[in-house]
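Down below is the structure, laid out as structure tokens.
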Amino acid sequence: MKSILTVLLIVSCSVILAQKKVLDHSDFEIWNSIKDKSISPDGNYIMYSLEKGEADQHLKIKDGKANILFQYERGSKGRFTYDSNYAVFTINAWRDSILAMKKRKIKKEDLPKDSLGIFDLKNNSLTKMGNVKSYKIPEKWNGYLAIQLEELKKEKDTTEEKGVSDKKKKAGKKNGYHLLVQDIQTGQKDTFKFVTDYVFAKKGNLLAFATTGKDKKDNSSIYILDFEKASLTQVHTAKKAKYYQLSFSESGNNLGFIVDRDTTKVQERPTELYLWRKGQDKAQSAADASLTPNAYHPSTHAELLFSKDESKLFFGLSKPLIVKDTMLTEDEIVNVEVWTYNEPRLYTVQELQLKTDTIQSFKSVIHLNDDLRIVELASETFPEVELGDEGNAKFALLNRSEPYDLERQWTGRRARDYAIINTNTAKLKEVLTKISGDVSLSPGGKFVYGYNSMAETWFIYNIERDLYLELTKGKVFYDELHDSPSPPEPYGAAGWTENDQSLLLYDRYDIWKFDPNSGLAERLTNGRESKTRFRYVSLDKEVKFMDTNEKWLFTNFNETDKSGGYTEFNPKNNTSKSLLKGPFRYRNPIKSQLDDAVIYTKESFEEFPDIRYSDLSFKNIKIISDANPQQNNYNWGAIELVNWTSLDGDELTGILVKPENFDPTKKYPMIVNFYEKSSDRLNHHRAPNPGRSTINYSFYASRGYLIFNPDVNYRIGYPGESAYNCVIPGITSLIEKGFVDKDNIGVQGHSWGGYQIAYLVTKTDIFKAAEAGAPVPNMISAYGGIRWWTGLSRQFQYEHTQSRIGGTPWEYPIRYMENSPIFNIDKINTPLLIMHNDADGHVPWYQGIEFFVSLRRLGKPSWFLNYNGEPHWPLKLQNRKDFNIRMAQFFDYYLKSAPMPVWMDRGVPAIEKGVNQGYELMESSDKN
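Just so you know, we're using the numbering used here here: the sequence shown kicks off at 181 and counts up by one.
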């Protein structure tokens, strides 16, 4: 008997030990995400940081065999030096310490500042430096580090005579901060005081910096530090001058900057552009109002950019300010908004773009080898400029949208006119009119190319030959599944080969090579036959073309089974070789600058996207990170594709998530979550986290729920009915399989998903409970609303894009009414949780209020969550946590017979807001 009891006890203990944990909200805080992953230029080291929850990061450096070489808690934003000998990273203060100090009302300026870590990869040694504001390292050379330091707060001198104050110059935003320049190998340092800006040359061994002077009596100056010559040259100085936009040419042989020497407070600043060239002792004035077209001043806001060949310097000319009368008092100023029916931009758009309009400038060029001759490129007529061949090209591309900005309000399309301008002569030629779609210059600057959405074709314009050629007219190089009343979008372009020889475009599956002169096309891949999508991967961001002397890397994705992988393509003989393929999602790899080593990630619903290391053959693969080993201790789940037929007769696909150890003989509660089409995301990993707008699949699967995400096909004019015809038969097809508890099905979605849920619950009682985030119950009132983040009218959304009505309310009044849940709200029998925030910039939050107060008027069980000051979804961590807790409690109550939380019973009265959350569960529940 004793032995039997012993055996039973051992078996019982084994079962308990073998049981896995169920995910809870607190587990969100122990899950790591990978941040700032990078590979050293020589390909020998990998650096990344693990962020646990949303707290402190933990920096790690490993070799290609996954051996840990160095790690540092609170380390983030790591960078390797160009010689791969050092890793430089930021050391942050403990977040818990910062929070504790904030609770003690410690002033912001007294909180701990960031530090800098410098790890010697050869000698395995660490150097730390505190009180760091910013740092920079050279991009294409080695040896030095520039560090800007915060001003250390000094203890007050109690021996100081009463009434005598310290008049010493203090570091800060106005005066600048101290700059420490360090020989990274020897540790030798030089300090330059009160530096406002600093920049390394990309290739030349030079550093330029601007300073307000070492003391109050000193002049402001620009210095160039030459590391090869160990020399410091003052190239400009002036009393109280302000400097802007320090910029080296790539070699470092040229430096440009903007100077404001005026010490008065005039609103129109008399700025000058200065140029220093190698061999000069002092920089010379290259542009001011007396030299520029229209007597405009060089802009302090526009970037200075040297052409790749260093023959040109591009800069901006400030648009004249609208000068304010500073003598008027507040009582005399008229504050009125005047909205006009035929203004190109709606007044709300003008308000949001006020700063941009105030600092608007027109790009111009100085020809450095032609007596510093200035040519204005942009103008009021054509304000936007794109340079060709990294600034080397003879021509630039101009565009304007102003003639079509008014109609954009209802079309949703940003049409533009395009012109070519000769950067030497300023001769302008208008070449394209009212093109809606992306238009660019080829890398070599020989062609204008793009997609004309209205004509549904890619085109080429040969600048020298003045020849326009349609490449894909009559061919489907646009979205084959397009289902809204708007022109279909293209699949995109892979890029150009060298010397603008060929343009490579995508169709749904394949990559095609086009001759830009003849328009002849050649298919390079064979994806359509197997429904496999191929896309080009750029491994070197500095190379602007696709090098035909090198093998290319493509991603591949199969539309049927959602598998992914990499393919090698040889452009010399147009042959392909599969490198990796499987039921996973593979992210674009990051290649080392000076070697073929790469890092990439591979993921699935069950597999976290840890960093993998290989070369471009992808044969010898090493898993570098192990971010979340604790996942093995939790019930997780599995994911699969499901298929069914819609009420319209369409064959549809969706994804179904099942709990771990799923038993088909049992019945499970199910939550339906959808937006438009999501089945391509089958192999996306979904780590537990407090999401801002949707259920976390891993979390709910771990807790015993099924999750169903159906794809939706839309019929123009009937978006609500389309959702019904796709989603409901998908649900019933799963119910027929026998494992869905048909009496405990919930639905959740946000924004467009929230609208569709609001519509569905007016048409069916299949759902036991629903959460609708930022829903639109009334398309008529929403049609005249504003998208406050952009200032745009919402009209285009209903006429041409996502809402898919296909016209105005006066053209299709019945469509607007039939698709608006508000007109059938009395038919709703499903309890609803609504989340809509009062700073929503996408969907006017009065839509959520309209929905809720109507439900309240009818006595329908409903709850409304408004996170004050939050936009379209809660962003603050505490609010996201709160939303996830309330949503889980809501679904657990209705779908799993869990006790009702207090907040659902009595709400949270305004007097208790921010004090009592009402999460506590009641002892008994009444679902009637």
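For glycine and all other residues, C-beta sits at the position ideal for the given N, C-alpha and C. In this text the structure is predicted, and so the values were computed from the model without any measurement.
Cβ-based neighbour list, residue i, same chain, cut-off 8 angstroms, excluding 5 preceding and 5 following
i: Glu331; result: Lys350, Ala351, Gly352, Tyr357 and His358
i: Thr970; result: Val529, Leu532 and Gly1021
i: Lys711; result: Tyr689, Asn738, Glu739 and Thr740
i: Lys458; result: Gly432, Asn433 and Asn434
i: Ile404; result: Leu386, Leu387, Ala388, Leu412, Thr413, Val415, Leu435 and Trp456
i: Val656; result: Asp687 and Arg688
Whole-number beta carbon distance between residue j and residue i, since they are thought to touch under 8 angstroms
i: Ala952; j: Ile1014; result: 6 angstroms
i: Ser664; j: Arg984; result: 5 angstroms
i: Pro844; j: Lys1076; result: The pair is not a contact, with the Cβ atoms about 20 angstroms apart (cut-off 8 angstroms).
i: Lys200; j: Tyr262; result: At roughly 47 angstroms, the Cβ-Cβ gap does not stay under 8 angstroms, so Lys200 and Tyr262 are not in contact.
i: Leu832; j: Asn893; result: 7 angstroms
First through last residue of the beta strand (DSSP E) which encompasses residue i
i: Phe737; result: Trp732 to Asn738
i: Phe976; result: Segment Gln975 to Glu979 is the alpha helix (DSSP H) holding Phe976; no beta strand (DSSP E) there.
i: Asn1059; result: No beta strand (DSSP E) holds Asn1059; the alpha helix (DSSP H) holding it covers Leu1057 to Lys1076.
i: Ile925; result: Val920 to His930
i: Met227; result: Tyr225 to Lys232
i: Ile1014; result: Leu1012 to Met1015
i: Phe562; result: Taken as a continuous stretch (DSSP letters only), Phe562 belongs to no beta strand (DSSP E), as it is neither H nor E.
Residue j beta carbon less than 9 angstroms from that of residue i
i: Gly255; j: Gly297; result: yes
i: Val1023; j: Ala949; result: no
i: Phe764; j: Ser756; result: no
i: Lys626; j: Gly571; result: no
i: Phe788; j: Asn768; result: no
i: Ile908; j: Thr944; result: yes
i: Leu684; j: Leu621; result: no
i: Ser913; j: Val822; result: yes
i: Ile960; j: Met997; result: yes
i: Ile554; j: Thr472; result: yes
i: Phe1071; j: Leu1045; result: no
Per-residue burial, residue i [other beta carbons within 10 Å of its own, 16 or more giving buried]
i: His662; result: exposed
i: Gln936; result: buried
i: Gln810; result: exposed
i: Leu185; result: Low local confidence applies: a pLDDT of 38 at Leu185 is under 50, so the model's placement there is unreliable, with the coordinate-based value given in what follows. Burial call: exposed.
i: Val415; result: buried
i: Asn863; result: buried
i: Glu636; result: buried
i: Asn1096; result: exposed
i: Asn304; result: exposed
i: Ala467; result: buried
i: Tyr648; result: exposed
i: Pro868; result: buried
i: Gly343; result: Model confidence at Gly343 stands at a pLDDT of 45, short of 50, so the residue's coordinates are unreliable and nothing is read from them.
i: Ala475; result: exposed
i: Asp1094; result: Per the sequence presented here, residue 1094 reads as Gly, with Asp not at that position. The residue in question, Gly1094, is exposed, as its Cβ has fewer than 16 Cβ neighbours within 10 Å.
i: Leu827; result: exposed
i: Trp211; result: buried
i: Arg284; result: exposed
Close beta carbons around residue i, own chain, < 7 angstroms, minus the five adjacent residues each side
i: Ala938; result: Ala952, Pro955, Pro957, Pro1001 and Phe1031
i: Ala541; result: It is Ser, not Ala, that sits at residue 541 in the sequence shown. So the list reads Ser479, His481, Ala482, Gly496, Leu497, Ser498 and Lys499, once near-sequence residues are dropped.
i: Ser973; result: Leu526, Gln589 and Ile966
i: Val611; result: Tyr598, Ala599, Ile600, Val628 and Tyr641
i: Ile643; result: Phe575, Ile600, Lys626, Phe627 and Val628
i: Lys1007; result: Thr942
Limits of the alpha helix (DSSP H) - the one that residue i falls within
i: Phe1032; result: Tyr1026 to Arg1037
i: Glu144; result: This structure leaves residue 144 out entirely; the chain is present only between 181 and 1108.
i: Tyr996; result: Pro993 to Glu998
i: Ala962; result: Met959 to Tyr963
i: Leu586; result: Asp585 to Thr591
i: Gln530; result: Tyr527 to Leu532
C-beta neighbour in chain B for residue i, strict 9 angstroms
i: Thr1010; result: Judged by its chain identifiers, the structure shown contains no chain B, having just a single protein chain.
Chain-order list of residues whose beta-carbon lies under 6 angstroms from that of residue i (same chain, five-residue window excluded)
i: Asp440; result: Lys422, Arg449 and Thr451
i: Thr307; result: Ile298
i: Asn247; result: none
i: Leu1101; result: Pro1079 and Pro1081
i: Asp569; result: Gly624 and Gly625
i: Leu162; result: Since the first residue shown for the chain is 181 and the last is 1108, residue 162 is missing from the structure and cannot be characterised.
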